[in-house]
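Colleague:
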Amino acid sequence: MRDLKLIKKAVLPVAGLGTRFLPASKAVPKEMLPIIDKPLLQYAVEEAIESGIKEIIFITNPEKISIKKHFENNHGMETKLINSGKTDLAQKVNPYQFSKIKFHYINQDEQNGLGHAILQAERLIENQPFAVLLPDDLFHSKKSCLNQLLDIYIKTKASVLALNKVDEIDIHKYGVIKPGATDGNTIKIDDIVEKPNFENAPSDIAVSGRYILNPTIFKYLKSTKSDLNGEIQLTDAIKLLLEVEEVYGKVYEGQKFDCGSKKGFVHATIALALKDETLKEDIKNIIKDIF
Ligand code: G1P
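Read left to right, the sequence shown gives residues 2 to 292 (the numbering used here).
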């Protein structure tokens, strides 16, 4: 685990209703649905902790009690498991690495977009650079996506966004950048637009759900006007930030699953099952049988 003492706090917006996953998301928050045996949200939390994050700030809503329960210690369950000799499972219930982390829960009363969600964390961020992880994006790579961004932050002290190339038909789903000077996979961002049409898009390079942001972003989040849907977009605040500070992007190395869609969720489940030594052969055989 790295301890760079640079980025200590991460914001994870989880207040959304998860309507694409109804009825599953009626009583269980979408972020708590499992990819194999672990809630989707835990993958992002583990990625943050692995990068040296010490405080996780969930922007949530009061309905999502199970998120708080999941990241709290459950001593009763741990004791029962230990008493029945299942010590390995006890570690799964109360992972050692969570015991050192401070989890915060901020209720977002109205859901007015990603920018609005991040604004709710301003007081807890205390004017430090911080990470944003959108848990719908599950990354699988040798070096975590956040650690790849940290490498650039260490060199530049500028805000850094995770980037990837997308197909024309998907451009309208993302923030899209206008690339400036490029050094390998590191790109200086000249401009950024939220969810443009393919015809107006400045490139085919989209922003995915990992960011490192300097706290100056809060000033611009506050002056960002709502979009046509009444939402405050982080992308629009980054566009304002670009007028005063450099912002970089990194075309991440690895694989991303968009678990905000059913297709991506199923893809992640199959792909991670095929990477799991205990499941791999069985799953391969099942897939062969199906076809
Ligand atoms: C958000 C951001 C968008 C970004 C995307 C990455 O959109 O607004 O700029 O490209 O996350 O997943 P959302 O997916 O919340 O619509």
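Backbone N, C-alpha and C fix where the C-beta goes; we use that ideal spot for every residue, glycine too.
Sorted by chain position, which residues of the same chain lie with C-beta nearer than 8 Å to N165's C-beta, five sequence neighbours on each side aside?
Modeller: I206, A207, S209, V252, Y253, K257.
Colleague: Please identify the residue among L151, H141, F219 whose C-alpha is closest to the C-alpha of H268.
Modeller: Checking every option, the nearest Cα to that of H268 belongs to H141.
Colleague: Can you look up D4 in the DSSP assignment and give me helix, strand or coil?
Modeller: Only weak support exists for where D4 lies, its pLDDT of 47 falling under 50; the value from the coordinates is given anyway. D4 falls in the coil class under three-state DSSP.
Colleague: Indicate whether I68 and F59 have their beta-carbon atoms separated by less than 8 Å.
Modeller: Yes, they are a contact pair.
Colleague: Which of the three DSSP states is assigned to G265 in this structure?
Modeller: It is helical.
Colleague: Give me the residue from T157, E123, P136, K281 with the minimum Cα distance to L7.
Modeller: Of T157, E123, P136, K281, the residue nearest in Cα terms is T157.
Colleague: Could you tell me if A45 is buried or exposed, where buried requires 16 or more neighbouring beta carbons within 10 angstroms of its beta carbon?
Modeller: With 16 or more other Cβ atoms within 10 Å, it is buried.
Colleague: Are the CB atoms of A159 and R211 nearer to each other than 8 Å?
Modeller: No, these two residues do not count as a Cβ contact at 8 Å.
Colleague: Return the bridge partner residues of S160 from the DSSP annotation.
Modeller: BP columns for S160 point to V248.
Colleague: Who are the Cβ neighbours of D259 in its own chain at under 6 Å, not counting the five residues just before and after it?
Modeller: G265.
Colleague: Could you compute how far the alpha carbon of L120 sits from the alpha carbon of L23?
Modeller: One C-alpha to the other measures close to 28 Å.
Colleague: Between the Cα of N113 and the Cα atoms of R124, N62, I83, Q92, which residue gives the shortest distance?
Modeller: Of R124, N62, I83, Q92, the residue nearest in Cα terms is N62.
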